[in-house]
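S.K.: Have a look at the structure that comes next, please.
In my numbering, the protein residues as written are 1100 to 1230.
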């Protein structure tokens, strides 16, 4: 199998204090952030998040990952990401699949404790090591 030299498919670490990372939702659930922070502090290994590279200072999450990105931002730890082909991003925009672009540091907490607890418990049932 030929190894790809495509720079858009490689894994890199983003210093979130030096770049802008956009997500597509404007709220986060505090229990999930707290759980991820515990994992970061325990040096857990996280899979890279898929991102589009807009330019050298701006990146966009492809879909999931805002909670992990926010936790890494708060903890001032680099975030592992995998660059994906921006042609996919252009394709989505050409189809009219637009989404909100919000900087991860501007995302606000959603304080519905019942909803937050339910989501947290769902994630824990999927992964027993979920903190």
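We put the beta carbon where it would ideally sit given N, CA and C, even for glycine.
Computed from a prediction, not measured in an experiment: that's the story for all the values here.
1. With DSSP collapsed to three states, give me the class of residue 1145.
2. Assuming residue 1160 is part of the beta strand (DSSP E), what are its boundary residues?
3. What are the partner residues of residue 1121, as DSSP defines its beta bridges?
4. Judging by CA-CA distance, which residue of 1173, 1182, 1123 is the nearest neighbour of residue 1146?
5. Just to confirm my understanding: we take residue 1180, look at its own chain, exclude 5 residues before and 5 after, and list those with CB closer than 8 Å. What are they?
6. Using beta-carbon positions only, say whether residue 1203 and residue 1168 come within less than 7 Å of one another.
7. What does the Cβ neighbour count give for residue 1193, buried or exposed, with the cut at 16 atoms within 10 Å?
M.R.: In this structure, then:
1. Taking the first residue of the chain shown as 1, we reach residue 1145 at position 46. Residue 1145 sits in coil when the DSSP states are folded into three classes, being neither helix nor strand.
2. On the chain shown, position 61 is the one that residue 1160 refers to. Looking at the DSSP string, the run of the beta strand (DSSP E) that includes residue 1160 is 1157-1160.
3. As a first step, residue 1121 must be located in the chain shown, where it is residue number 22. Residue pairing from DSSP places residue 1121 in a beta bridge opposite 1159, 1202.
4. Counting from 1 along the chain shown, the entry for residue 1146 is found at position 47. With distances taken between Cα atoms, residue 1146 lies closest to 1182.
5. Walking along the chain shown from the start, residue 1180 turns up at place 81. Cβ neighbours of residue 1180 beyond the five flanking positions: 1110, 1111, 1112, 1113, 1147, 1148, 1149, 1150, 1158.
6. Looking up residue 1203 in the chain shown gives position 104. Looking up residue 1168 in the chain shown gives position 69. A contact, by the Cβ cut-off of 7 Å.
7. Position 94 of the chain shown, counted from the start, is the residue given in the question as residue 1193. For residue 1193, the predicted structure reports a pLDDT of 49, less than 50, and the residue's modelled location is therefore unreliable. The matter cannot be settled from this model.
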